[in-house]
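A.B. asks: One structure, as structure tokens, below. Some questions next.
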Amino acid sequence: MEIKDLDYNIQYDEATKTVKFTGSIRLQNLPAYEPIKLFLRDVAKLCQGAQLTMDFRELQFVNSSGITTLSMFIIDSRKSATYQIKIQGSLNVSWQSKSLSNFKKLWDQVVLEIS
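If you're matching positions, the sequence shown starts at 1 in full-length UniProt numbering and goes up one per residue.
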């Protein structure tokens, strides 16, 4: 499964249960993020009883609407609690250490790896 755009790519690897985000996501508003929201819901269905890894290490930028969309996904995941989430980030990408750590505040079961 994959979402491709000129500026970003979101790819799900079923073998490793990893969603990898690359590029820069700068969509205009929350409704524009609906395809990404639906993509993440579909991936979550495939990860029941397992750990879903969300790899942001190569995502250079995501705007506030994107952070909101990802936050809503974390909250929905917490409510269902049928799989675990591991977040991978990079200290080399300025927005990641602060923004990704907020996901742990939304759901204390999120495993956070920022290196």
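Virtual Cβ for every residue (Gly too), placed ideally from N, Cα, C. Every value quoted in this text rests on a predicted model; they were computed, and no experiment measured them.
From ASP55 to VAL110, what does the alpha carbon distance come to, in whole angstroms?
C.D. replies: Approximately 13 Å, taken between the alpha carbons.
A.B. asks: Starting from the C-beta of LYS79, find all residues in its chain whose C-beta is less than 8 Å away, skip the five residues before and the five after it, and write them out in chain order.
C.D. replies: Counting only Cβ-Cβ distances below 8 Å, and skipping sequence neighbours, we find nothing.
A.B. asks: If you follow the alpha helix (DSSP H) that LYS86 is in, where does it begin and where does it stop?
C.D. replies: Here LYS86 belongs to no alpha helix (DSSP H); instead the beta strand (DSSP E) covers 84-89.
A.B. asks: Name the residue from ILE75, TYR8, THR18 whose alpha carbon lies nearest to the alpha carbon of PHE103.
C.D. replies: Comparing Cα-Cα distances from PHE103 to each of ILE75, TYR8, THR18, the minimum goes to ILE75.
A.B. asks: Which stretch, first to last residue, makes up the beta strand (DSSP E) that contains VAL43?
C.D. replies: Segment 34-46 is the alpha helix (DSSP H) holding VAL43; no beta strand (DSSP E) there.
A.B. asks: Taking its Cβ as the centre, do 16 or more other Cβ atoms sit within 10 Å of LEU27, making it buried, or is it exposed?
C.D. replies: Under this definition LEU27 is a buried residue.
A.B. asks: CA-CA distance, ALA81 and ASN92?
C.D. replies: Whole-angstrom Cα-Cα distance: 31 Å.
A.B. asks: Nearest to ASP5 by alpha carbon, out of ALA32, LYS17, TRP107?
C.D. replies: Considering only alpha carbons, the answer is ALA32.
A.B. asks: So who's on the other strand from ASP7, going by DSSP bridges?
C.D. replies: Paired residues: none, contrary to the question.
A.B. asks: Between which two residues does the alpha helix (DSSP H) harbouring THR69 extend?
C.D. replies: Where THR69 is concerned, the enclosing alpha helix (DSSP H) stretches over 64-80.
A.B. asks: Grab the span of the alpha helix (DSSP H) containing SER24 for me, first residue to last.
C.D. replies: First-last for SER24: 18-25, but that is the beta strand (DSSP E), not the alpha helix (DSSP H).
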